[in-house]
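Below is one structure, written out as structure tokens; the observations come after it.
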Amino acid sequence: MDEVVVKASKKPRGVGLRGLVLGWSLWLLGSWVVLWAVGGWTVPALRVMVLSGLVGMMGVWPAVRLSQPTRTRRVASAGHEVLGGDWARACGWIAADWLALNLVFQAVIWPLQLAARWSTPQAVWLVVAVAGWSLLTGLVIAWGRGTNHPAARTWAMVVCVAVVVLEPILWWMGLMAAGPEVGVPEMRFSPLQAVWGVSAAGTEAQAQAAVAVHGFQIVTVAASAMVGWVVLWGLLALVMLRERATSRGAAAS
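Written as structure tokens, this is what we have:
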């Protein structure tokens, strides 16, 4: 496929990393102020604070990044295709986003540990849970940034939202149909139940029980997200090698 060299766009890149971190900090601060005004520093309010941060990472972050086009130095056609090098650069930005967002979130988790009476293992598991699910979200964003096609970006956003709310919605619909005797099932994909369970205050034994129930799910999600990123980078390497071979062949001919 013939490549066309295009001039760099003079349009702004949209929300950069500093703007994202600023918006993230304001989101957390706003959540903190609202919860304090509504319920004070009660344990339920602090647990909702953690869920609010999770929603920001898994809902607002992908909405911001998937609404921005992937900047390209070269395009393979007049359509929406993004070449491997530009896609890899966009994935690097998403990885930087993820690291910055989670570092800022540390400033929320550890002060909340004192107010919510979490044990240190509980706080660590919460950090791992938020990092794991947000890494999974970042993976979906990175895949979505591989094209500028609106439909593909929309589906990526749908996946990000579905990871959080689809399972609770299906459970609620089943509960409404079958009645309260159905009980609460153990959720496999949504982070809401795991984060809510691990963030409960109580005795050391209760905390250990909550970690025992949700720990495997948290580790599985984090490991799956890391494997997904390895697969993505491997695919990107193959795509870039193929593009270089194609360019060399075109130059030789």
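With our numbering, the residue at position 253 of the sequence shown is 244, and numbering never jumps. Even glycine gets a Cβ: it sits at the ideal position worked out from N, Cα and C. Keep in mind the model is a prediction, meaning the values are calculated, not measured.
- Under DSSP, E234 takes part in no beta bridge, so it has no partner.
- Non-local C-beta neighbours of W32 in its own chain, meaning closer than 8 Å and more than five positions away in sequence, comprise A106, ordered along the chain.
- Look at T211 here: in three-state DSSP terms it is helix.
- Of the residues W52, S181, A133, the one whose Cα lies closest to the Cα of W18 is W52.
- DSSP lists T138 as the beta-bridge partner residues of E72.
- Around the beta carbon of L57, 16 or more other beta carbons sit within 10 angstroms, so the residue counts as buried.
- Taking a 10 Å sphere around the C-beta of I160, we find fewer than 16 other C-beta atoms and assign the residue as exposed.
- Counting only runs of at least 4 residues, the stretch 84 to 143 fully encloses the following alpha helix (DSSP H) elements, listed from N- to C-terminal order: 111 to 135.
- Here S22 carries a helix assignment [DSSP, helix/strand/coil].
- In the displayed model, A192 falls within coil according to three-state DSSP, outside both helix and strand.
- Counting of Cβ neighbours within 10 angstroms places L103 among the buried residues, the total reaching 16 or more.
- If you draw a straight line from the Cα of V115 to the Cα of N139, it is about 37 Å long.
- DSSP places M40 in the uninterrupted alpha helix (DSSP H) bounded by 34 to 46.
- Inter-residue distance for S181 and V131 is about 15 Å (C-alpha atoms, whole angstroms).
- Per DSSP, reduced to three states, the secondary structure at S16 is helical.
- Judged by DSSP in its simplified three-state form, Q184 adopts helix.
- Contact check for L227 and A79: beta-carbon distance about 5 Å, within the 8 Å limit, so the pair qualifies.
- Counting other Cβ atoms within 10 Å of its Cβ, S238 stays below 16 and is therefore classed as exposed.
- The shortest CA-to-CA distance from M40 to any of Q59, L20, G50, A54 is the one to L20.
- Linking I85 to G50 through their CA atoms gives a straight-line distance of about 14 Å.
- Taking 9 Å as the cut-off, the beta carbon of T61 is found closer than this to the beta carbon of A81.
- The continuous alpha helix (DSSP H) containing V55 extends over residues 52 to 57.
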